[in-house]
Structure formats: structure tokens, C-alpha cells
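Heads up: the structure comes next, in C-alpha cells.
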Amino acid sequence: MHKVADIDVQHNITKANKKIADRITKKLNDSNIFGVDFVGAIGSGKTSLIEELIQRMDGNIGVIAGDVISKFDAGRFKKFNIPVVGLNTGKECHLDAHLVEHAIEDMPLDNIDYLLVENVGNLICPVDFDLGSHIRVVVISVSEGDDTVEKHPLIFQSADLVIINKVDIAGAVEADVGKMVNDVKVLNPDVEVIKTSLKKEIGLSNVINAIDRFKKRMDL
Ligand SMILES: Nc1nc2c(ncn2[C@@H]2O[C@H](COP(=O)(O)OP(=O)(O)OP(=O)(O)O)[C@@H](O)[C@H]2O)c(=O)[nH]1
Ligand SMILES: [Mg+2]
Numbered sequence: 027m028h029k030v031a032d033i034d035v036q037h038n039i040t041k042a043n044k045k046i047a048d049r050i051t052k053k054l055n056d057s058n059i060f061g062v063d064f065v066g067a068i069g070s071g072k073t074s075l076i077e078e079l080i081q082r083m084d085g086n087i088g089v090i091a092g093d094v095i096s097k098f099d100a101g102r103f104k105k106f107n108i109p110v111v112g113l114n115t116g117k118e119c120h121l122d123a124h125l126v127e128h129a130i131e132d133m134p135l136d137n138i139d140y141l142l143v144e145n146v147g148n149l150i151c152p153v154d155f156d157l158g159s160h161i162r163v164v165v166i167s168v169s170e171g172d173d174t175v176e177k178h179p180l181i182f183q184s185a186d187l188v189i190i191n192k193v194d195i196a197g198a199v200e201a202d203v204g205k206m207v208n209d210v211k212v213l214n215p216d217v218e219v220i221k222t223s224l225k226k227e228i229g230l231s232n233v234i235n236a237i238d239r240f241k242k243r244m245d246l
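Here it is as C-alpha cells:
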């Protein structure tokens, strides 16, 4: 017969993470920087979306790019000549506040208005790890399947804004975008859901306006 002991490790880890996340939020507030955390499925379009935002948003942007091997997405952002810090998570499937706090040390906080943080592509691990950003944007695409939302309720409940990307290929992959929107609304009734195609330039101004509405609400 096995002996079972409850070990409250996860609780302690997320509590310690939250303490650092609160420190990050304070640092961003003190520097008048609006922080946005982008999480989502692998290949859903997080980097592509941030690349578009860098080119279209008013204000100076700094990016923290989390990746299992950091050079890939960080390299894509560096071509815009903005401050970029790549974070290598190794075997970890999410960023945590400790990593982000160190990355922020390398950011010129006096010269940026927005800090955009791209998390590792994953819909499960990032859920409990607040990174201190002001909002969390969850990015999925039709090619993951139109049951993705139902299968990953926690991440959608934690979202401030949800992007359903690649609507240009919804027909080809037989995804019911209306169902995906509805599934989000069931889990998180007040969250705004925006349909985008980064290939066809659909929905981008809606994303920018939504981010700026949050920013204004927080007086940043
Ligand atoms: N058809 C179509 N393809 C897209 C769209 N947005 C992005 N892609 C393509 O999807 C692929 C993945 O895009 P990324 O932006 O690298 O996705 P990501 O979420 O950053 O990926 P990871 O960081 O690896 O998790 C690339 O080949 C993009 O060109 C879109 O709206 N429509
Ligand atoms: Mg990426």
C-alpha cells in the first residue's frame, strides 16, 4: 500500500511568482509603461502579431521574447531596431516572473511606452504564472481546431483579450470560428474576442484599439 503525502509545492511556487510579478507591475507603473503578456498555442501567430503591432502602434515598444531556444523570435524582433531581450526557457514550457524581472533589467525603461512579452507557445503551463503585465492576451488560431477553447478553459478564463487568428484559412481547415468565439464567451463572458488574419491584415486595428482602451483605463 502506498503512503500518500500532500506536498504543497505548486502553491508555494505560484505564491513566490506572484510576489515578483507584483514587483514588476510596480516597476512598470513607476515608469509609465503598459505591459502586455501574449500567450497562446504553438504557431498561433504571437510573433507575427507582435511584429505587426511594433510597426503600427504609436509609442515606443520593447519586447521580451520567451522561447525554448531564445534566438528565433528575438531575432525576428531585432530587425525593427527596438529594445529586445530574448529569454531561453530551456526545458520549461512557460515564462515566470523571475525570468521576466531579470529581462527587464536590460530594458531601457525610460525610453519605452509598451512592454510586450511573448510567452512560450503553450495553453496550459502559463496559466498560473502572472508575469506582472497589465493584461494577458491569449492568441489561438483556427488551425489548432475549433475545439481548442473547450479543451483549455483555464487559459481563456485568465484572458483579458482573446485573438482568434488565421481566419483566412478557417474554411480550408473546416474550423467553425463562430463556435470558437461562443466557447470563449461561455468561459469568460466579458472578455473581448477579436478575429484576425495577419496574412490578410484583418482585425489589426481592433487589436490596437483594444490594447489602448486597457492602457487608458489604467491611466498609463
Ligand atoms: N494563413 C495564415 N498564417 C499565419 C497567420 N498569422 C501567422 N501565420 C503563420 O503561422 C506561422 C506561425 O506564426 P508565428 O507568428 O511564428 O507563431 P507563434 O505563435 O509566434 O509561434 P511560436 O512562438 O513558435 O509558438 C508562420 O508561418 C506565420 O507566417 C495568419 O493570419 N494566416
Ligand atoms: Mg513566436
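For the sequence shown, the numbering used here assigns the number 27 to the initial residue and increments by one for each residue that follows. Here a beta-carbon is modelled for each residue, glycine too, at the ideal position from N, C-alpha and C.
For K221, the enclosing beta strand (DSSP E) starts and ends at E218 to K221. Of I87, H128, I138 and V219, the smallest CA-CA separation from V165 is found for V219. Closer than 7 Å to some heavy atom of ligand 2: that does not describe the Cβ of E170. Counting every other CB atom within 10 Å of its CB across the protein chains shown gives M133 a total of 16 or more, marking it as buried. For the set F106, V188, K53 and S184, the Cα lying nearest the Cα of I234 is the one of V188. For M206, the CB contacts under 6 Å within the same chain, skipping 5 residues up- and downstream, are D172, V175 and I190 in chain order.
V65 has its alpha-carbon roughly 15 Å from the corresponding atom of I237. Per the DSSP secondary-structure output, L142 pairs in a beta bridge with V62 and V89. According to the DSSP assignment, I166 belongs to the beta strand (DSSP E) that extends over I161 to S167.
For I195, the three-state secondary structure derived from DSSP is helix.
Under the three-state reduction of DSSP, N107 is assigned to coil, being neither helix nor strand.
With a threshold of 7 Å, the Cβ atom of D194 counts as near ligand 1, since some heavy atom of the ligand is closer than that. The beta carbon of E144 sits closer than 7 Å to at least one heavy atom of ligand 2. The alpha-carbon separation between L224 and V30 amounts to approximately 50 Å.
For N148, the three-state secondary structure derived from DSSP is strand. Counting of Cβ neighbours within 10 angstroms places I68 among the exposed residues, the total staying below 16.
Per DSSP, K242 is one residue of the alpha helix (DSSP H) stretching across L230 to R243. When distances are taken from the beta-carbon of D99 to the heavy atoms of ligand 2, the shortest one is below 7 Å.
For I130, the number of other beta carbons within 10 angstroms of its own is at least 16, and it is reported as buried.
Residue pairing of L224 in beta bridges, as defined by DSSP: absent, with no partner found. By DSSP's assignment, I181 forms no beta bridge with any residue.
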